Amino acid sequence: MKRSRFDPSRAAGAPRGESSDASGAAGSLFAGDGAVPPPAALTGAAPAHAASSAISVSELASRIEGALAKGFPDRVRVVGEISNLRKQTHLYFNLKDPDGGDDSKHGAVISCVMFAKDASGVRFTPADGAKVVITGRIAFFAKQGRTQLYVEAMEPMGLGALEQRFRALSEELKKLGYFEPERKRALPVFPRRVAVVTSRTGAALQDVLSTMKRRCAAVDVAVVDVRVQGDGAAPSIVRALDWLSREHERLGVDAVIVTRGGGSIEDLWAFNERAVAEAIVRSSVPVVAAIGHETDVTIAELVADARCATPTQAAMVLTPDRAALGEELLHRRARLVHSMLRRFERERMRLSVVEAQPLYADPAAMVREARGVVESWGAAVSAAWQEAVSARRLVLERLS
């Protein structure tokens with residue numbers, strides 16, 4: 077079907093292919109194959125038979141519908157900005173040029189309606205000012221005399237699409253409690269081994285390795301090479317996290333760092349996937365996330381047990397500082413020595429009290445005193461024994 081073109085230079089009553097004269101006759105809406113010449117009632121002239129050739133409003137509406145059907149394909153895709161959005165059972169709004177607007181003489185506005193059945197399939201929340209790509213059909217609504225764009229599909233445009241997906245998933249995971257501090261696990265004070273989930277060719281890995289070696293070489297590092305950008309990155313990260321979660325005891329892994337360097341929102345998008353967030357949440361060991369630059373925020377960082385601004389900071393959080401450990405040891409040594417000196421002083425005072433007792437002041441005197449008591453007891457016993465023997469001897473002599 078050949079598409080008709082709008083041609084304002086053609087006069088309503090002029091033959092096809094001729095321009096209108098200077099009398100200002102009304103121009104045909106569409107010219108070309110299938111164009112419908114307007115009736116005389118619509119022209120500047122008013123012939124005597126005008127009343128008899130006049131058409132009804134319904135017929136005019138029908139002709140407008142026919143002209144739109146001939147002039148447009150069944151479906152059109154339009155880029156624009158939402159304005160005057162009204163959310164009822166259906167969505168009603170205007171679509172305007174992103175760089176123009178209602179008040180701009182260069183901007184254009186078209187009325188749009190999106191029925192509830194189609195609106196339920198929109199995967200983001202439409203709002204005034206949102207730049208969108210719309211798919212729909214152009215039709216004339218005769219009851220209101222309005223030409224409208226009946227929207228069947230709507231998607232955010234450019235970076236707005238990713239931002240909308242990020243916000244929608246953030247709200248969903250927040251309701252599930254994934255961001256709550258009470259859900260998150262405490263980090264180990266002195267991990268035996270830390271697994272680093274990142275690309276082995278990235279600068280982020282070198283930052284982590286150099287920082288951990290400088291701070292404390294006693295902490296071992298296990299590198300798990302994954303894709304961190306593009307197709308397949310999210311599944312690669314999920315597989316690595318699930319494997320570490322299953323094998324962490326055998327591997328001796330006490331914590332995991334998920335990291336990569338900076339980039340655009342598209343470059344970092346793998347860390348905004350729901351599957352990655354769920355893998356972090358179900359991990360058996362604490363996870364520290366450091367994705368991109370300090371200003372970048374990803375879903376992975378929001379659900380991780382700790383979020384760090386840079387890969388270097390993530391390494392610092394999980395690795396004790398050797399210098400700080402030395403200072404801590406000196407501090408503890410000083411406290412131990414002080415505690416021992418106090419204990420020695422306390423025991424020395426107790427010993428002085430004991431030494432002041434007579435038993436410990438002159439043990440020989442107590443022995444002499446005891447010996448005198450024993451000797452007096454011995455003399456008394458000996459005398460009593462002699463007296464008893466003498467008495468028994470007298471009795472024996474009498475019996476003899």
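Quick note, the sequence shown lines up with residues 77 to 476 if you use my numbering. From the three backbone atoms N, C-alpha and C, an ideal C-beta is built for every residue, glycine too. Just so you know, these numbers come straight off a predicted model, no measurement behind them.
Please go through the same chain and pick out, in chain order, the residues whose beta-carbon is closer than 8 Å to the beta-carbon of residue i, but skip the five residues on each side of it.
i, result
"M58", "A query on residue 58 cannot be resolved here, the shown segment of the chain reaching from 77 to 476 and no further."
"V273", "V300, V302, I313, A316, L317, L320, V332, I333, V334 and T335"
"V295", "F266, P267, R268, R269, V270, M288, L394, T395 and P396"
"D178", "Low per-residue confidence applies at D178: pLDDT is 48, beneath 50, and the placement is therefore not dependable, though the value from the model is reported in the following sentence. Correct list, in chain order: S159, N170, K172 and V185."
"G278", "V304, R336 and G337"
"A244", "R199, F200 and T201"
"A385", "A366, H369 and E370"
"H414", "none"
Is the Cβ-Cβ distance between residue i and residue j less than 8 Å?
i, j, result
"V363", "D381", "yes"
"I367", "L344", "yes"
"L144", "C188", "no"
"P440", "E431", "One point to set straight first is that residue 440 is Ala, not Pro, in the sequence displayed. Taking 8 Å as the Cβ cut-off, A440 and E431 do not qualify as a contacting pair."
"P202", "L161", "yes"
"P387", "V284", "yes"
"R291", "R426", "no"
"L327", "A298", "yes"
"E377", "A391", "no"
"V227", "M190", "yes"
"I341", "L406", "no"
Over the uninterrupted alpha helix (DSSP H) stretch that includes residue i, give me the two end residues.
i, result
"K260", "Premise fails: K260 is in no alpha helix (DSSP H) and is neither H nor E."
"T388", "P387 to L394"
"G448", "P439 to L475"
"I22", "In the structure displayed, the chain extends from 77 to 476; residue 22 sits before or after that span and is not available."
"I494", "The first residue shown for the chain is 77 and the last is 476, placing residue 494 beyond what the model contains."
"I313", "A309 to L327"
"R336", "Per DSSP, R336 belongs to no alpha helix (DSSP H); it is in the beta strand (DSSP E), A331 to R336."
"I140", "V133 to G147"
"S286", "A279 to R291"
Please work out which residues of its chain come closer than 7 Å, Cβ to Cβ, to residue i, disregarding the five sequence neighbours upstream and downstream, and give them in chain order.
i, result
"G454", "none"
"H369", "G338"
Could you name the residues of the same chain whose beta carbon sits closer than 6 Å to that of residue i, not counting the 5 residues immediately before and after it, in chain order?
i, result
"V379", "Y254, A353, I356 and V357"
"T223", "F216"
"M230", "V198, V208 and I210"
"Q240", "F200 and P232"
"S275", "V304"
"R322", "none"
"A218", "A137"
"V450", "none"
Run the CB neighbour count on residue i, radius 10 Å, all protein chains shown included, and call it buried at 16 or more, exposed below.
i, result
"Q220", "exposed"
"F347", "buried"
"G205", "exposed"
"V304", "buried"
"L417", "exposed"
"V329", "buried"
"E473", "exposed"
"E157", "buried"
"R383", "buried"
"S460", "The residue you asked about is not Ser; residue 460 is Ala in the sequence shown. With fewer than 16 Cβ atoms within 10 Å of its Cβ, A460 is classed as exposed."
"L475", "exposed"
"A467", "exposed"
"A280", "buried"
From which residue to which residue does the beta strand (DSSP E) around residue i run?
i, result
"G212", "K207 to F217"
"Q224", "R222 to P232"
"Y168", "L167 to K172"
"V189", "V185 to M190"
"D296", "D296 to D301"
"T374", "Per DSSP, T374 belongs to no beta strand (DSSP E) and is neither H nor E."
"A432", "Run containing A432: none; DSSP gives neither H nor E here."
"R269", "R269 to T274"
"A366", "V363 to I367"
field: Cβ contact (3+ pairs, closer than 8 Å) linking the region 187 to 202 and the region 164 to 176
entry: yes
Validate contact between the region 309 to 322 and the region 355 to 373 using beta carbons, cut 8 Å, 3 pairs: yes
message: Does the region 296 to 309 come into contact with the region 335 to 352, if we say contact requires no fewer than three beta-carbon pairs (one atom in each stretch) closer than 8 Å?
response: yes
field: Touch test, the region 205 to 213 against the region 257 to 273, Cβ-Cβ under 8 Å, three pairs minimum
entry: Because the criterion of three Cβ pairs below 8 Å is not met, the region 205 to 213 and the region 257 to 273 do not touch.
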